[in-house]
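S.K.: Let me begin by handing over the structure; questions about it come next.
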Amino acid sequence: MASSNRKRNPSLTQNLVSEITGSIQSGGFVPGDKLPTESVLMQQYGVSRTVVREAISKLQASGMVETRHGIGTFVLRTSERKITIDPATITTLEDVIAVLELRISLEVEAAALAAERRSEMQLKELKTALDNMLSGQNSDKDDVESDFEFHQCITRAAGNRYFTEILEHLGKSIIPRTRLKCANFSGDDLRNYLTRVNMEHEDIYLAIARQDAAAARAAMRMHLTNSKERHRALYAEAKESLQE
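Have a look at this one:
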């Protein structure tokens with residue numbers, strides 16, 4: 059039974075990914091080196107074949123290694139590596155905070171561009187997404203779908219497809235409220251949280267509606283920074299509870 063639990067423990071996979079990544083970064087494995095076989099990695103790290111395969115898959119997704127069928131898995135040169143972000147790896151509060159920092163650098167400018175470039179149709183789509191969020195708030199519904207659509211509308215209105223492609227690639231896992239469920243909101247706490255978040259969304263919408271790029275930039279920065287700070291507070295609480 060213990061063996062079965064080890065196979066399903068995602069932290070074992072992440073630990074193995076970290077170990078191999080550390081070896082590559084420290085020069086233990088250099089570009090062109092072939093990684094040990096599955097059997098050797100299983101024995102060396104005391105993990106199952108499933109864990110090894112999942113770890114190799116994640117290393118491939120991050121562009122660290124390449125598997126050549128029938129030959130083995132090889133470490134790639136830095137110049138051969140692709141910049142990739144796997145949404146499935148955004149699993150911890152630390153990950154969410156890091157992604158929010160990335161979003162601040164992207165979406166703050168996207169909001170300003172949206173204010174300058176948006177069409178009337180795009181503004182109407184943004185208003186629909188906002189109205190859907192407000193409707194969800196009134197029914198205490200945690201509407202991740204409308205939240206994500208709101209941010210997608212802004213990147214589309216910015217008129218730069220790369221903003222949109224990055225957001226679409228990351229997907230709904232980047233919406234912080236999907237992670238804040240672990241805070242066990244209930245009753246007034248949930249309503250107060252949704253009210254604050256949707257007021258921030260409304261400020262962004264109003265700035266874009268009046269085509270005020272500076273205000274849109276400031277409103278988006280405030281929204282994402284507030285979200286980051288909410289997660290920092292949760293992260294601090296989680297660390298405290300582990301130390302008790």
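Take 59 as the starting number for the sequence shown in our numbering and just add one per residue.
By construction, the Cβ of each residue, glycine as well, lies at the ideal position given by its N, Cα and C atoms.
Source: prediction; values computed, not measured.
#1: With a 10 Å radius around its C-beta and 16 neighbouring C-beta atoms as the bar for buried, classify R275 as buried or exposed.
#2: Tell me, which residues are paired with K92 by DSSP?
#3: Just to check my reading of the structure: D261 and A277 have Cβ atoms closer than 8 Å, yes? What is that Cβ distance to the nearest angstrom?
#4: Given this structure, state the Cα-to-Cα distance separating V255 from R219, to the nearest angstrom.
#5: Measuring only the C-alpha atoms, how far is A113 from G128?
#6: Quick one: Cα of T253 to Cα of S120, how far?
#7: By a C-beta neighbour count over all protein chains shown, 10 Å radius and 16 as the cutoff for buried, is C240 buried or exposed?
#8: R126 lies in the beta strand (DSSP E); which residues open and close that run?
#9: Alpha carbon to alpha carbon, how far is L99 from L164? Give it in angstroms, no decimals.
#10: What would DSSP say about N250, mapped onto helix, strand or coil?
#11: Counting C-beta neighbours from all protein chains within 10 Å, is the total for S204 16 or more, i.e. buried, or is it exposed?
#12: With a CB to CB cut of under 6 Å and the five nearest residues on each side skipped, what residues in its chain are close to P89?
#13: How would you label T209, buried or exposed, when you count the other beta carbons within 10 angstroms and need 16 or more for buried?
#14: Can you say whether E315 is buried or exposed, counting buried as having 16 or more other CB atoms within 10 angstroms of its CB?
#15: Nearest by alpha-carbon distance to V303: which of R161, N73, L151 is it?
#16: Could you give the distance in angstroms between the alpha-carbon of G194 and the alpha-carbon of V154?
#17: Could you check whether I212 and I266 sit closer than 9 Å to each other, using their CB atoms as the reference points?
#18: Counting only runs of 4+ residues fully inside the stretch 146–232, write out the alpha helix (DSSP H) ranges in chain order.
#19: Going along the chain, which residues of its own chain have a beta-carbon closer than 8 Å to the beta-carbon of Q269, five neighbours each way excluded?
M.R.: Once the coordinates are examined:
#1: On the sequence shown, residue 275 is found 217 positions in, with the first residue counted as 1. Buried.
#2: Locating residue 92 in the sequence shown gives position 34, counting from the first residue. DSSP, once it has assigned bridges, lists F132 as partnering K92.
#3: Taking the first residue of the sequence shown as position 1, residue 261 is located at position 203. Taking the first residue of the sequence shown as position 1, residue 277 is located at position 219. Rounded, the Cβ-Cβ distance is 4 Å, consistent with contact.
#4: Within the sequence shown, numbered from 1, the residue matching residue 255 stands at position 197. Within the sequence shown, numbered from 1, the residue matching residue 219 stands at position 161. The alpha-carbon atoms of V255 and R219 are separated by roughly 26 Å.
#5: The sequence position of residue 113 within the sequence shown is 55, counting from 1. The sequence position of residue 128 within the sequence shown is 70, counting from 1. Computed Cα separation, rounded: 18 Å.
#6: Counted from its first residue, the sequence shown places residue 253 at position 195. Counted from its first residue, the sequence shown places residue 120 at position 62. In a straight line, the C-alpha of T253 is about 37 Å away from that of S120.
#7: The residue given as residue 240 occupies position 182 in the sequence shown. Legend: pLDDT at C240 = 46, less than 50; position of this residue unreliable, value from coordinates given subsequently. C240 comes out exposed.
#8: Stepping through the sequence shown from its first residue, residue 126 is reached at position 68. Start and end: 123–126.
#9: Stepping through the sequence shown from its first residue, residue 164 is reached at position 106. Stepping through the sequence shown from its first residue, residue 99 is reached at position 41. Cα to Cα, L164 sits roughly 39 Å from L99.
#10: Here residue 250 refers to the residue found at position 192 of the sequence shown. If DSSP states are grouped into helix, strand and coil, N250 belongs with the helices.
#11: Sequence index remark: in the sequence shown, residue 204 carries index 146 (1-based). It is buried - the Cβ of S204 has at least 16 other Cβ atoms within 10 Å.
#12: Indexing the sequence shown from 1 puts residue 89 at position 31. These residues qualify, in order along the chain: V133, R135.
#13: As a position in the sequence shown, residue 209 is number 151, starting the count at 1. A small correction: the amino acid at residue 209 is His; Thr does not occupy that position in the sequence shown. With 16 or more Cβ atoms within 10 Å of its Cβ, H209 is classed as buried.
#14: The structure shown does not extend to residue 315, since the chain is modelled only from 59 to 302, so the question has no answer here.
#15: Given a span of 59 to 302 for the chain in the structure shown, any question on residue 303 remains unanswerable.
#16: Mapped onto the sequence shown, residue 194 falls at position 136. Mapped onto the sequence shown, residue 154 falls at position 96. Cα to Cα, the separation comes out at about 23 Å.
#17: Numbered from 1 along the sequence shown, position 208 holds the residue referred to as residue 266. Numbered from 1 along the sequence shown, position 154 holds the residue referred to as residue 212. Contact: yes.
#18: 151–175, 178–196, 202–215, 219–228
#19: On the sequence shown, residue 269 is found 211 positions in, with the first residue counted as 1. Correct list, in chain order: A173, E174, R176.
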